[in-house]
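Enquirer:
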Amino acid sequence: MKYNTDINAFGGIQDYHMVHEALRSYANGEMDLKKRMIQDNVFGIRTEEGRGRFYRGIKSSILTFQNDDHQRIYNSFFNELDTRFPYNLLVFWQLVINNKLFQILTRDLYLKFYFQGKATITGQDVLFFIADLKERDQEFKDLNWTPKSIGPVASKYLTVLRKLGLVDGTQKKVIKHIQISDNEFTTFLYLLSTLYPRNENLLKNDFQIFSFVSPESFPERVKKVAKKGLIGMSYTGTKLTIEPIIDYNNLADGIYRRA
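My numbering puts the last residue of the sequence shown at 285; the count rises by one with no breaks.
1) Applying the criterion that 16 or more other CB atoms from any shown protein chain within 10 Å of the CB defines a buried residue, is L135 buried or exposed?
2) Roughly how many angstroms lie between the CA atoms of F161 and F211, to the nearest whole one?
3) Could you tell me whether the Cβ atoms of F91 and A35 are closer together than 8 Å?
4) Pair every Cβ in the segment 212 to 220 with every Cβ in the segment 112 to 126, then say whether three or more of these pairs are closer than 8 Å.
5) When DSSP labels each residue in this structure, what does I123 get in the three-state scheme?
6) Whose C-beta lies closer than 7 Å to the C-beta of N276 among residues of the same chain, with five residues either side of it excluded?
7) Could you check which residue in A157, F166 and Y183 has the C-alpha nearest to that of P173?
8) How would you call M27, buried or exposed, if buried means at least 16 neighbouring beta carbons within 10 angstroms?
9) Is the separation between the beta-carbon of F238 and that of L218 shorter than 8 Å?
10) Can you tell me whether P223 is buried or exposed? The criterion is at least 16 other CB atoms within 10 Å of its CB, across all chains shown.
11) If you draw a straight line from the alpha carbon of G195 to that of P241, how long is it in whole angstroms?
12) Determine whether the beta carbon atoms of G37 and V152 lie at a separation below 8 Å.
13) Using C-beta distances below 7 Å, list every residue in its chain close to I71, excluding the 5 sequence neighbours before and after it, in chain order.
14) Which of the three DSSP states, helix, strand or coil, is assigned to T146?
15) Report yes if the CB atom of I271 is closer than 8 Å to the CB atom of V248, and no otherwise.
16) Let me check understanding here. Comparing Cα to Cα, which of D168, I201 and F128 lies closest to T148?
17) Rounded to a whole number of angstroms, what is the C-alpha to C-alpha distance between E74 and I88?
18) Less than 8 Å between C-beta atoms, sequence neighbours within five positions excluded: which residues of the same chain meet that for V251?
19) At the 8 Å Cβ level, is N105 part of the contact set with chain C, yes or no?
20) Mapping the DSSP letters down to three states, classify T212 as helix, strand or coil.
21) Tell me, to the nearest whole angstrom, how far the beta carbon of Y29 is from that of K126; I am working on the premise that it is less than 8 Å.
22) Please report the distance separating the alpha-carbon of D279 from that of V45.
23) Thinking C-alpha only, which one of G191, I235 and G143 is nearest T132?
24) Might you give, ordered along the chain, the residues of its own chain that have their beta carbon closer than 8 Å to the beta carbon of P245, omitting 5 neighbours on each side?
25) Ends of the beta strand (DSSP E) at V200?
26) Quick one: what does DSSP say Y261 is sitting in, helix, strand or coil?
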């Protein structure tokens with residue numbers, strides 16, 4: 027995974043139902059997605075350059091999967107759009123998985139503020155962080171991004187968070203407290219199981235922070251959904267592992283449409 031400016035494309039999208047529709051189209055094997063987006067302009071993006079930028083961002087940061095099970099989870103949620111499903115979180119997790127800059131900004135800045143209980147995050151906070159990243163990360167430094175390039179990325183990053191429902195406000199963004207439901211948390215655990223399929227100890231897994239559950243509370247939340255029969259688990263006090271019990275192809279139904 028390499029650095030790119032896809033954040034700009036996602037920050038410029040007016041309606042995130044466009045992202046949901048792109049995933050629905052992909053899940054249903056509609057192979058003409060590029061033609062629909064760029065030539066037919068089904069999403070009404072004014073310029074061809076903007077349509078191309080959006081398509082490339084969708085392809086690299088959303089329609090990219092680590093393995094077949096990862097893709098099966100997303101197909102199960104987007105095969106048929108349903109307002110009960112946690113689409114903003116599903117898009118958020120794809121961006122975290124597939125976009126290096128979004129992942130680092132989210133883990134080391136936004137979520138750091140979130141778990142520290144800070145009330146706001148500003149464009150200046152993001153700019154300072156990116157400037158520091160440029161000094162300590164050689165790969166990022168080698169991109170030779172100018173302040174003209176970095177400024178829009180910082181602004182668009184906060185716009186993406188706002189459109190995903192994670193912050194509120196205009197110049198100074200208020201950090202919202204995310205009350206992740208048991209169903210949403212279960213979805214995250216299944217996603218986690220596809221990213222780390224070797225039954226690793228989740229207590230030492232860096233990705234768990236993207237669940238919006240603190241490391242201290244994580245085992246108890248896993249126990250809670252396990253008691254509901256949504257996932258299997260093993261916990262010794264020092265090691266936590268999970269075992270999928272719902273088929274990935276039917277995950278959305280198995281979690282959200284249980285009889």
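Don't be surprised by glycine CBs; every beta carbon is placed ideally from N, CA and C.
Expert: Looking at the coordinates:
1) By the 10 Å Cβ count, L135 comes out buried.
2) The sequence as given places Glu at residue 161; Phe does not occur at that position. If I take the Cα positions, the gap works out to 36 Å.
3) Not closer than 8 Å, so no.
4) In this structure the segment 212 to 220 lies against the segment 112 to 126, because at least three pairs of beta carbons, one per stretch, are closer than 8 Å.
5) Under the three-state reduction of DSSP, I123 is assigned to helix.
6) Correct list, in chain order: S102.
7) If we check each option's Cα against that of P173, A157 comes out closest.
8) Classification of M27: exposed, given that the 10 Å Cβ count is below 16.
9) Cβ distance not < 8 Å, so F238 and L218 don't count as in contact.
10) Answer is exposed; the Cβ neighbour count stays below 16.
11) One Cα belongs to G195, the other to P241, and the distance between them is close to 28 Å.
12) No Cβ-Cβ contact shorter than 8 Å links G37 with V152.
13) Cβ within range, chain order: R77 and F80.
14) Collapsing the DSSP output to three states places T146 in a strand.
15) Not a contact, by the Cβ cut-off of 8 Å.
16) The shortest C-alpha separation from T148 is found at I201.
17) Each residue's alpha carbon lies about 20 Å from the other.
18) Listed in chain order, the non-local C-beta contacts of V251 below 8 Å within the same chain comprise D208, F211, T212, L215 and I257, local neighbours out to five positions each way being set aside.
19) No chain C is present in this structure, which holds just one protein chain.
20) Of the three classes helix, strand and coil, the one that applies to T212 here is helix, per DSSP.
21) Y29 to K126, Cβ: 5 Å. Contact.
22) Here the C-alpha atom of D279 lies approximately 21 Å from the C-alpha atom of V45.
23) For the residues G191, I235 and G143, the minimum Cα distance to T132 belongs to I235.
24) Excluding the 5 residues flanking it on each side, P245 has same chain C-beta neighbours closer than 8 Å at L229, Y261 and L266, in chain order.
25) According to the DSSP assignment, V200 belongs to the beta strand (DSSP E) that extends over K198 to I201.
26) DSSP places Y261 in strand when its eight states are reduced to three.
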